[in-house]
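Novice: One structure, pasted below without further comment.
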Amino acid sequence: ELKVEQNPLFLSMQEGKNYTIYCNYSTTSDRLYWYRQDPGKSLESLFVLLSNGAVKQEGRLMASLDTKARLSTLHITAAVHDLSATYFCAVDNDMRFGAGTRLTVKP
Amino acid sequence: KAGVTQTPRYLIKTRGQQVTLSCSPISGHRSVSWYQQTPGQGLQFLFEYFSETQRNKGNFPGRFSGRQFSNSRSEMNVSTLELGDSALYLCASSLGPNQPQHFGDGTRLSIL
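Residue numbers (the working numbering), protein chains in the order written: chain P, 217 to 323; chain V, 4 to 115.
As structure tokens, this is what we get:
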């Protein structure tokens, strides 16, 4: 059974700092998705990664996929308060979601 | 351009009843997916439809069913409701499989 693990589950960081969220999965897949969810809100699609080595960037967020390591990373550069949210990865075999990483960016 | 519209926004039902939720995708989007979100189980995938055909299905019992119409609108039905079906149900549409999804605001279903 496909398992998707995100870490950390909780992340508190200061504005201006960099950090990385990790998404590990247990079976072969070459499709991985990242989503953002603000409290009490719906999901927002961030990135669709469709092949090994795929890298996508949007603003202060950059996502990458290593299918051989079964690992995706979401890198945050120079965090700002507006990035505070919960971030989910999902792996496409069964569209299995990670538990989410709750990010809080403090001034 | 109108976003994804889910109706109703809130719904209260009792155990044993059935419910139908509706999702109108963004115009031109042919792929619709449904998800369930609960505090205990997190986000779980229910179904994906493309051009009226179910492409993928998550690991849910047969009480959960869905369909997509020729105008790409989709419905999901849950029969014989259980307390554990209380959740936020999210619908997302996209141009096609593996494309970025756009989510509706969700339907919050409460089972008493």
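Quick reminder that beta carbons are idealized off the backbone N, C-alpha and C, glycines included.
Do the region 290 to 301 of chain P and the region 267 to 276 of chain P meet, that is, are 3 or more Cβ pairs less than 8 Å apart?
Specialist: yes
Novice: At 3 residues or longer, what runs of the beta strand (DSSP E) sit wholly inside the region 34 to 112 of chain V?
Specialist: Whole beta strand (DSSP E) segments, 3+ residues: 34 to 41, 45 to 53, 56 to 60, 67 to 71, 77 to 81 and 90 to 97.
Novice: Report yes if the CB atom of Glu221 of chain P is closer than 8 Å to the CB atom of Pro323 of chain P, and no otherwise.
Specialist: Here residue 221 of chain P is taken as the residue at index 5 of the first sequence, counted from 1. Here residue 323 of chain P is taken as the residue at index 107 of the first sequence, counted from 1. In this structure, Pro323 of chain P does not lie closer than 8 Å to Glu221 of chain P by Cβ.
Novice: With a threshold of 8 Å between beta-carbons, can His32 of chain V be considered close to chain P, or not?
Specialist: In the second sequence, counting from the first residue as 1, residue 32 of chain V sits at position 29. For His32 of chain V, no CB of chain P lies under 8 Å from its own CB, so it is not counted at the interface with that chain.
Novice: Is the Cβ of Thr310 of chain P closer than 8 Å to any Cβ of chain V?
Specialist: Within the first sequence, the letter at position 94 stands for residue 310 of chain P. Residue identity check: residue 310 of chain P is Asp in the sequence provided, not Thr. So yes, Asp310 of chain P belongs to the interface.
Novice: Write down the C-beta distance between Ser242 of chain P and Leu265 of chain P rounded to the nearest angstrom, noting that I regard them as a contact closer than 8 Å.
Specialist: Locating residue 242 of chain P in the first sequence gives position 26, where the first residue counts as 1. Locating residue 265 of chain P in the first sequence gives position 49, where the first residue counts as 1. So it is not a contact: roughly 17 Å between Cβ atoms.
Novice: Is it the case that the Cβ atoms of Ser34 of chain V and Glu78 of chain V are separated by a distance below 8 Å?
Specialist: The count along the second sequence starts at 1 and reaches residue 34 of chain V at position 31. The count along the second sequence starts at 1 and reaches residue 78 of chain V at position 75. It is not a contact, given that the beta carbons lie outside the stated cut-off.
Novice: DSSP three-state call for Leu287 of chain P: helix, strand or coil?
Specialist: Position 71 of the first sequence, counted from the first residue, corresponds to residue 287 of chain P. Looking at Leu287 of chain P - three-state DSSP - the assignment turns out to be strand.
Novice: Identify the continuous beta strand (DSSP E) that holds Asn240 of chain P and give its terminal residues.
Specialist: Residue 240 of chain P sits at position 24 when you count from the first residue of the first sequence. Counting along the chain, the beta strand (DSSP E) containing Asn240 of chain P begins and ends at Tyr235 to Tyr241.
Novice: Between V:Gln44, V:Pro100 and V:Leu46, which lies nearest to Tyr52 of chain V when the distance is taken from Cα to Cα?
Specialist: As a first step, residue 52 of chain V is located in the second sequence; it is residue number 49 there, counting from the start. Tyr52 of chain V has its Cα closest to that of V:Pro100, out of V:Gln44, V:Pro100 and V:Leu46.
Novice: Counting only C-beta atoms, is Ser261 of chain P closer than 8 Å to chain V at any point?
Specialist: As a working mapping, residue 261 of chain P is identified with position 45 in the first sequence. Ser261 of chain P counts as touching chain V.
Novice: For chain V, find out if any of its Cβ atoms is closer than 8 Å to the Cβ of Phe226 of chain P; answer yes or no.
Specialist: Here the question's residue 226 of chain P lines up with position 10 in the first sequence. Answer no: the Cβ-Cβ gap between Phe226 of chain P and chain V never drops below 8 Å.
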